[in-house]
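Let me begin by presenting the structure, written as C-alpha cells, before commenting on it.
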Amino acid sequence: MSSSDRSSGSSGKNINLPSHIGYIVDGNRRWAKANGLASLQGHKRGFEVLRDISIASIEAGVQYVSAFCFSTENWNRSKTEVSYLMKLIVKLLNENINDMADRNIRIVHVGARDGLPKSVLVAIDKAVAKTADCTKGTLALCINYGGQQEIVDATKKLLRQRPDPVRLTIDDFSKALYTPYIPDIDLVVRTSGEYRTSGFMLWRTAYAEYSFVDKCWPDFTKQDLKLVLLDYARRHRRFGK
Numbered sequence: 241m242s243s244s245d246r247s248s249g250s251s252g253k254n255i256n257l258p259s260h261i262g263y264i265v266d267g268n269r270r271w272a273k274a275n276g277l278a279s280l281q282g283h284k285r286g287f288e289v290l291r292d293i294s295i296a297s298i299e300a301g302v303q304y305v306s307a308f309c310f311s312t313e314n315w316n317r318s319k320t321e322v323s324y325l326m327k328l329i330v331k332l333l334n335e336n337i338n339d340m341a342d343r344n345i346r347i348v349h350v351g352a353r354d355g356l357p358k359s360v361l362v363a364i365d366k367a368v369a370k371t372a373d374c375t376k377g378t379l380a381l382c383i384n385y386g387g388q389q390e391i392v393d394a395t396k397k398l399l400r401q402r403p404d405p406v407r408l409t410i411d412d413f414s415k416a417l418y419t420p421y422i423p424d425i426d427l428v429v430r431t432s433g434e435y436r437t438s439g440f441m442l443w444r445t446a447y448a449e450y451s452f453v454d455k456c457w458p459d460f461t462k463q464d465l466k467l468v469l470l471d472y473a474r475r476h477r478r479f480g481k
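Counting from 1, position 53 in the sequence shown corresponds to residue 293 in our numbering; the numbering is continuous, with no gaps.
Shown next as C-alpha cells:
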C-alpha cells in the first residue's frame with residue numbers, strides 16, 4: 241500500500257500529496273467535436289496535455305504518474321484511428337525522451353506487448369532504456385492495457401511459477417502484475433464527466449480516492465491539477481478500516 245504523506249510547498253503551505261496518481265484521459269474526441277476539429281486532432285491535443293500534466297504532477301512532488309493512453313478495448317476503433325494513435329505514441333515518445341531524461345523522469349510501460357506494432361515497441365524500449373536511471377519521478381504509460389487482462393496474465397504467471405494456488409498471497413499476486421515495482425494508486429483522476437473506471441488498474445486502485453472532473457482531457461490545466469491535489473489533501477483515507 242503506497243504512502244500519501246508527501247508534501248508540497250505550493251503557496252507557502254505544506255499539503256499531503258498522493259504518492260501515485262493515475263489519469264484516465266477521457267474526452268479527446270468530444271473536445272475535438274466541440275471545437276470543430278477532426279477527432280484525430282483531439283488525440284493530438286490530448287497527448288500534448290498528457291505530457292505537460294505528467295511533468296507538472298511530478299514537479300509538484302508526486303512520485304508516480306500512470307496514464308491510461310490506449311486500452312485493449314481501443315483496438316475495436318476504426319483502423320484509421322488506431323493507426324493514428326500508434327503513430328502518435330511513437331511521436332510522443334521519440335520527441336520527449338531527451339526532455340524526460342533531462343528532467344530526471346523515468347518512463348515505463350504498463351500493458352501487454354503482444355499485438356503492439358514493432359515501431360511502438362522500439363519507441364517504448366528506447367524510452368525505457370534512456371530513462372532507466374532517472375529518480376525524480378516515474379511516468380507509467382498504460383498502452384495496450386486492460387485491467388481484467390492484467391489480472392488474467394498475473395494469474396497465469398503465478399500458476400506457471402507456483403502450481404499450488406492455495407499458498408498464494410496478496411503480495412505474491414502484486415508481484416506478478418505488469419510492473420510490480422510500482423506502488424498502489426492513491427488518486428485516480430478521470431476527465432470528461434464520466435463516472436466509471438473502465439478497468440483502469442483494477443488491482444492497484446483497491447483503496448484509491450477518485451476525482452471526477454467535468455471537462456474533457458484536452459481542457460485539463462495545471463490549475464485543475466492544483467485543485468485536484470488540494471481536494472485530495474483534505475480527504476481522510478481509511479483504507480477499508
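Beta carbons are placed, not taken as given, at the ideal position from N, Cα and C, and that holds for glycine.
Just so you know, the alpha carbons of A446 and H349 end up roughly 21 Å apart. Leaving aside the five residues that flank S451 on each side, the residues in its chain whose CB is nearer than 8 Å to its CB run, in chain order, L427, V428, V429, R430, V468, D471, Y472. Shown here for N344: same chain residues with a beta carbon closer than 8 Å to its own, the five before and five after excluded, namely C374, T375, K376, G377 in chain order. Spanning the alpha carbons of N384 and Y324 requires a straight line of approximately 15 Å. Cα atoms of T409 and S306: separation of roughly 25 Å, rounded to the nearest angstrom. For T320, the enclosing alpha helix (DSSP H) has its first and last residue at 319–342.
In the displayed model, L417 falls within coil according to three-state DSSP, outside both helix and strand.
K455 and I255 have their C-alpha atoms roughly 25 Å apart. The alpha carbon of K462 has as its nearest neighbour, out of Q389, P420, I293, the alpha carbon of I293. Counted as a single uninterrupted DSSP element, the stretch harbouring R346 is not any alpha helix (DSSP H) but the beta strand (DSSP E) occupying residues 345–350. Under the three-state reduction of DSSP output, R430 falls in the strand class. At least 7 Å separates the beta-carbon of I425 from that of H283. A buried status is given to T371, since no fewer than 16 other beta-carbon atoms sit within 10 Å of its beta-carbon.
As DSSP reads the structure, H260 sits in a beta bridge with Y304. For a cut-off of 8 Å, the C-beta gap from L442 to I391 is around 6 Å, short enough to register as a contact. In terms of Cβ geometry, D339 and W457 do not form a close pair [threshold 7 Å]. For Q389, the CB contacts under 7 Å within the same chain, skipping 5 residues up- and downstream, are T312, A352 in chain order. Residue pairing of S451 in beta bridges, as defined by DSSP: V429. About 6 Å separates the CB atoms of A296 and L465; that is less than 8 Å, so the two are in contact. Note: Y472 is not bridge-paired with any residue in the DSSP secondary-structure output.
Between the alpha carbons of V302 and M326 lies a distance of about 28 Å.
Taking all protein chains in view, the Cβ of A380 is crowded by 16 or more other Cβ atoms within 10 Å, so the residue is classified as buried. Taking the Cα of L356 as reference, the smallest distance to any Cα among L290, N334, F310 is reached at F310. Distance from the Cα of I329 is smallest, within the candidate group D459, A341, N314, S359, for S359.
Pairing K415 with Y421, the inter-Cα distance amounts to about 8 Å.
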